[in-house]
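Novice: Encoded as structure tokens, here's the structure I'll be asking about.
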Amino acid sequence: MTFPLVQPLTSVPDVGEALLAFADQPGLLLLDSAAREEPRGRYSFLTADPWEIVQLESVRFGDDPFARLRELTKQFAATTVPDLPPFQGGAAGLLGYELGGAWERLPSPAHDEFALPHLCVGLYDWVLAWDHFSGQAWIIAHGWPETDLSARDRRARQRIGDVQKRLSGRSVPAAATSAPVRLQAPLHPLPDVDGVTSNFTRDKYLATVERVIEYIRAGDIFQANLSQRLTAPAPVSPVELYLQSRRQNPAPFAGYFACDDWAVISASPERFLQVEEDVVSTRPIKGTRGRRSRPEADLYTRDALRESEKDRAENTMIVDLLRNDLSRVCLPGTIEVPQLCVVETYETVQHLVSEVRGRLRPGHDFWDLLQATFPGGSITGAPKIRAMEIITELEQVARGAYCGSLFYCGFDGRADSSILIRTITQRGGWLQFPVGGGVIVQSDPESEYEETLTKARGMLRTLAAARAESRR
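If you want it as structure tokens, here you go:
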């Protein structure tokens, strides 16, 4: 008897239809390469009904938020099947931006109306995995937390049977039952967009960018990632909103995670951390241009982004920060930058992307890596701690899922994760979807404001399509 048990699927399910089939299941998680860019668009993973959920509503400085997860991933460590998609069960879920308060003394935001947990992670003993390159799919089940071999085998087979049964039907997304969210931060109409508000007026955002530049000139920081929080009433269920998102704004690190009465709907293009054996990589994004409808204009925009001194400076600062973060847990002399300031094209934007790699020191794992690097430097600034203090002071609202991470850490120690940008949180009849960008001394406030709207484009398109669907 060997584990995990693997059931190849002769009829490969559609990812969206599979998500609908599990819509009523607790802890529903989809890590979805909705855009098929090679090699980062190869796999998608769906799972639900974890045998345990580790959840922290808040953290204090000095806490070890990963203590229970370390214990569980060691207790249930297992080998995985070669030549199958890399996530075959393990710990997976959400790390909220404010989790960083466990490692640094940080101020609390003035408003936290959506009140998501700082950490919500399930232990999953089964996965439905797709390889989009080969066009294959598998159900993979370990049978945990059973430890008796016969009981474990029965549980794994039962899981496979249950998944197959669900895939042959279709669940109806349940209506949200949570109490309405009461928004307390300012609500200013977003210009030229019906039914969407921001915690900033345009003029206030421009003045706040100027305030960040003042902090830079005073020597507090080199860069800070400033965002405005957009909000809107939720027109459809979270699952239906995600299905619109993957149609309107497909992304290589898209994801959906629902727990209790809230859901995270992400169209992220950005990898945070990947671990393969002892090799760590991170791919920061800094530098953005909107896509153009005419091919020649799109190429011109791409070239302008690649040659922009301001955007390259912004990106390089974060590369240096991440090199420093990785050095805390990686072997000396192993950190390298195989990709620096390369333009990558997505559905609605073009981004300047770099890659930093290193090799983990013996005795260190994914949880140590998270403690050394979370939250990611690309969405904080440099120096990181002072930038985070300034972000909290100026934004006034909790980021929650935004700029946190959806991740998996498999039973074999392999891991992958996203930075939760282009991300919507749904709770209590409301959506929040912050958008921001890095501010440096060369920043032009008007351009920074317009960049936030460019980044909102895909989510606003998703919202418009969902509203139209709800009226049918």
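According to the UniProt record's numbering, the sequence shown is numbered sequentially starting from 1.
Even glycine gets a Cβ: it sits at the ideal position worked out from N, Cα and C.
It should be emphasised that the depicted structure is a prediction, and the values quoted were computed from it without experimental measurement.
Are the CB atoms of Ile-53 and Gly-27 nearer to each other than 8 Å?
Specialist: By one-based count along the sequence shown, residue 53 stands at place 53. By one-based count along the sequence shown, residue 27 stands at place 27. Their beta carbons are under 8 Å apart, which means Ile-53 touches Gly-27 by this criterion.
Novice: So, are the CB atoms of Val-196 and Leu-230 less than 8 Å apart?
Specialist: The count along the sequence shown starts at 1 and reaches residue 196 at position 196. The count along the sequence shown starts at 1 and reaches residue 230 at position 230. Yes; because the gap between Cβ atoms is below 8 Å, this pair is in contact.
Novice: Specify, as a first and last residue, the run of the alpha helix (DSSP H) that Thr-462 falls within.
Specialist: The sequence position of residue 462 within the sequence shown is 462, counting from 1. Per DSSP, Thr-462 belongs to the alpha helix (DSSP H) from 445-470.
Novice: Based on DSSP bridge pairs, tell me the residues matched to His-188.
Specialist: Locating residue 188 in the sequence shown gives position 188, where the first residue counts as 1. Looking at the DSSP assignment, His-188 forms a beta bridge with Ser-198.
Novice: Is DSSP giving Ile-221 helix, strand or coil here?
Specialist: Here residue 221 refers to the residue found at position 221 of the sequence shown. In this structure, Ile-221 counts as coil in the three-state DSSP scheme.
Novice: Am I right that Arg-359 and Pro-338 are in contact with their C-beta atoms under 8 Å? What's the rounded C-beta distance?
Specialist: Taking the first residue of the sequence shown as 1, we reach residue 359 at position 359. Taking the first residue of the sequence shown as 1, we reach residue 338 at position 338. That belief does not hold up - the Cβ atoms of Arg-359 and Pro-338 are roughly 13 Å apart, past 8 Å.
Novice: What number of angstroms, rounded off, separates the C-alpha of Thr-10 from the C-alpha of Leu-167?
Specialist: For the purposes of this step, residue 10 is taken as residue 10 along the sequence shown, with counting starting at 1. For the purposes of this step, residue 167 is taken as residue 167 along the sequence shown, with counting starting at 1. So the alpha carbons of these two residues sit roughly 12 Å apart.
Novice: Report the rounded CA-to-CA distance for Cys-409 versus Leu-30, giving the unit in angstroms.
Specialist: Within the sequence shown, residue 409 is the residue found at index 409, counting from 1. Within the sequence shown, residue 30 is the residue found at index 30, counting from 1. Cα-Cα distance, rounded: 14 Å.
Novice: Excluding the 5 residues flanking Gln-25 on each side, which residues of the same chain have their C-beta closer than 7 Å to its C-beta?
Specialist: On the sequence shown, residue 25 is found 25 positions in, with the first residue counted as 1. Around Gln-25: Ala-48 and Asp-49.
Novice: So Arg-246 and Ala-34 are in contact, right, with Cβ under 8 Å, and what is the actual spacing, rounded?
Specialist: Position 246 of the sequence shown, counted from the start, is the residue given in the question as residue 246. Position 34 of the sequence shown, counted from the start, is the residue given in the question as residue 34. That pair is a contact at about 4 Å.
Novice: Who are the Cβ neighbours of Leu-394 in its own chain at under 6 Å, not counting the five residues just before and after it?
Specialist: Position 394 of the sequence shown, counted from the first residue, corresponds to residue 394. For Leu-394, where only same-chain residues beyond five positions count, the Cβ hits under 6 Å are Thr-208.
Novice: Near Gly-438, which residues of its chain fall below 6 Å by C-beta distance, leaving aside the five closest residues on each side in sequence?
Specialist: Here residue 438 refers to the residue found at position 438 of the sequence shown. Here the set comprises Gln-223, Asn-225, Lys-286 and Glu-314.
Novice: Alpha carbon to alpha carbon, what distance is there between Ala-78 and Pro-145?
Specialist: Within the sequence shown, residue 145 is the residue found at index 145, counting from 1. Within the sequence shown, residue 78 is the residue found at index 78, counting from 1. Straight-line Cα distance between these residues: approximately 12 Å.
Novice: Looking only at C-alpha atoms, which of Gln-396, Ala-387, Asp-32 and Glu-240 sits nearest to Ile-213?
Specialist: Counting from one through the sequence shown, the residue named residue 213 turns up at place 213. Ranking Gln-396, Ala-387, Asp-32 and Glu-240 by Cα distance to Ile-213 puts Ala-387 first.
Novice: So for Ala-102, helix, strand or coil by DSSP?
Specialist: The sequence position of residue 102 within the sequence shown is 102, counting from 1. Three-state result, Ala-102: helix.
Novice: With 16 other CB atoms within 10 Å as the buried threshold, where does Asp-203 fall?
Specialist: Residue 203 sits at position 203 when you count from the first residue of the sequence shown. Exposed is the call here.
Novice: Would you mind working out which of Arg-472, Pro-4, Val-12 and Thr-462 sits nearest Leu-243, comparing C-alpha positions?
Specialist: For the purposes of this step, residue 243 is taken as the residue at position 243 of the sequence shown. Measuring from the Cα of Leu-243, the nearest candidate turns out to be Thr-462.
Novice: In whole angstroms, give me the CA-to-CA distance for Arg-399 and Phe-253.
Specialist: Mapped onto the sequence shown, residue 399 falls at position 399. Mapped onto the sequence shown, residue 253 falls at position 253. Near 19 Å, if we compare the C-alpha coordinates of Phe-253 and Arg-399.
Novice: Can you tell me whether Glu-240 is buried or exposed? The criterion is at least 16 other CB atoms within 10 Å of its CB, across all chains shown.
Specialist: The count along the sequence shown starts at 1 and reaches residue 240 at position 240. Glu-240 should be labelled buried.
Novice: Under 8 Å between the Cβ atoms of Pro-107 and Thr-392?
Specialist: Taking the sequence shown and counting its residues from 1, one reaches residue 107 at position 107. Taking the sequence shown and counting its residues from 1, one reaches residue 392 at position 392. Going by C-beta atoms, Pro-107 is nearer than 8 Å to Thr-392.
Novice: What's the gap between the Cα of Arg-157 and the Cα of Tyr-124?
Specialist: Position 157 of the sequence shown holds residue 157. Position 124 of the sequence shown holds residue 124. If I take the Cα positions, the gap works out to 15 Å.
Novice: Considering only their Cβ atoms, is the gap separating Leu-128 from Ala-137 smaller than 8 Å?
Specialist: Looking up residue 137 in the sequence shown gives position 137. Looking up residue 128 in the sequence shown gives position 128. In contact: Ala-137 and Leu-128 (Cβ atoms closer than 8 Å).
Novice: Assuming residue 519 contacts Val-342 (C-beta within less than 8 Å), just tell me the rounded distance between them.
Specialist: Any question about residue 519 goes unanswered here, given that the chain covers just 1 to 472.
Novice: Would you kindly work out how many angstroms separate the C-alpha atoms of Glu-450 and Thr-301, rounded to a whole number?
Specialist: Position 450 of the sequence shown holds residue 450. Position 301 of the sequence shown holds residue 301. Rounded to the nearest angstrom, the two C-alpha atoms are 15 Å apart.
Novice: With which residues is Ala-91 paired in a DSSP beta bridge?
Specialist: As a first step, residue 91 is located in the sequence shown; it is residue number 91 there, counting from the start. Looking at the DSSP assignment, Ala-91 forms a beta bridge with Leu-123 and Cys-409.
Novice: Measuring CB to CB, does Asn-249 end up less than 8 Å from Arg-422?
Specialist: Translated into positions along the sequence shown, residue 249 becomes position 249. Translated into positions along the sequence shown, residue 422 becomes position 422. Against a cut-off of 8 Å, the Cβ pair of Arg-422 and Asn-249 comes out as a contact.
Novice: Please list the terminal residues of the continuous beta strand (DSSP E) segment that includes Leu-167.
Specialist: In the sequence shown, the residue the question calls residue 167 occupies position 167. From DSSP, Leu-167 is part of no beta strand (DSSP E) but of the alpha helix (DSSP H) over 149-167.
Novice: Ends of the beta strand (DSSP E) at Ser-266?
Specialist: Position 266 of the sequence shown, counted from the first residue, corresponds to residue 266. First-last of the beta strand (DSSP E) with Ser-266: 262-268.
Novice: So what's Glu-113 in DSSP terms, helix, strand or just coil?
Specialist: Numbered from its first residue, the sequence shown carries residue 113 at position 113. Glu-113 falls in the coil class under three-state DSSP.
Novice: For Trp-126, tell me which candidate among Arg-427, Val-6 and Glu-17 has the shortest Cα-Cα distance.
Specialist: If you number the sequence shown from 1, residue 126 lands on position 126. It is Val-6 whose Cα lies nearest to the Cα of Trp-126.
Novice: Using 8 Å as the threshold, is the C-beta distance between Gln-426 and Pro-238 below it?
Specialist: The residue labelled residue 426 in the question sits at position 426 within the sequence shown. The residue labelled residue 238 in the question sits at position 238 within the sequence shown. Contact flag set, yes.
Novice: Where does Asp-14 fall in DSSP's three states?
Specialist: Here residue 14 refers to the residue found at position 14 of the sequence shown. Note: Asp-14 maps to coil in three-state DSSP.
Novice: Between the alpha carbons of Ala-151 and Trp-130, how many angstroms are there, rounded?
Specialist: The sequence position of residue 151 within the sequence shown is 151, counting from 1. The sequence position of residue 130 within the sequence shown is 130, counting from 1. Approximately 27 Å between the Cα atoms of the pair.
Novice: Which partner residues of Thr-231 appear in the DSSP bridge assignment?
Specialist: To locate residue 231, count along the sequence shown from 1; it is residue 231. According to DSSP, Thr-231 bridges with Thr-197 and Gln-432.
Novice: DSSP has Glu-277 in a bridge; who is on the other side?
Specialist: Indexing the sequence shown from 1 puts residue 277 at position 277. Paired residues: none, contrary to the question.
Novice: Span of the beta strand (DSSP E) holding Arg-336?
Specialist: The residue you call residue 336 lines up with position 336 of the sequence shown. Looking at the sequence provided, one finds Glu at residue 336 rather than Arg. 336-345 is the span of the beta strand (DSSP E), which, as asked, contains Glu-336.
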